[in-house]
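Below is one structure; the comments refer to it alone.
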Amino acid sequence: MSEPSLQSIFGANVTQTATTVTLTKADFSSTGFTPAAVNTAESILGAIVSYAQPSLTTANQSNNVDQSVVISDSNDTLVTRSSVQYRRKTKVIAFDKADNASAFNPNDY
């Protein structure tokens, strides 16, 4: 098979050049994300992870040796910060590569 496509991870309208990746916020509306001129960096990151997760599954990786990344859910937990209780949603992003002692390098994936 082949690497997951840019569109399956970043939306139908993603484009890239040698120096930029351009995402269209409206592509993430299926995740519940609402595009706005003032979206936070964290909400955009959450939308990307949520959008990519259905493509980057363990099952898909089992069928595609070229897929190196898996996104999965972990257990929700309750955390308290500054006397306020929050529900923590945990997404685990795993990056697989052939075993060696090198540090994390995005170019490996």
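Going by my numbering, the residue at position 31 of the sequence shown is 50; the numbering climbs one at a time, nothing skipped.
All C-beta atoms in this analysis are idealised placements derived from N, C-alpha and C, irrespective of residue type, glycine included.
So is residue i buried or exposed if we call it buried at 16+ other beta carbons inside 10 Å?
i, result
"Pro23", "buried"
"Asp46", "buried"
"Ala66", "buried"
"Leu75", "buried"
Note the first and the last residue of the continuous alpha helix (DSSP H) segment covering residue i.
i, result
"Leu64", "60-71"
"Ala78", "77-82"
Pick helix, strand or coil for residue i, following the three-state DSSP scheme.
i, result
"Leu25", "helix"
"Phe52", "coil"
"Lys110", "strand"
Locate the beta strand (DSSP E) running through residue i, then write down its first and last residues.
i, result
"Asp92", "88-92"
"Thr99", "96-100"
Is it the case that the segment 106-121 contacts the segment 82-96, given that we only count it when at least three CB pairs across the two stretches are under 8 angstroms? Three or more Cβ pairs drawn from the segment 82-96 and the segment 106-121 lie within less than 8 angstroms of each other, which places the two stretches in contact.
I want to know whether the segment 58-72 touches the segment 24-33 - three or more CB-CB distances under 8 angstroms. Touching, yes, given that three or more Cβ pairs across the two stretches are closer than 8 angstroms.
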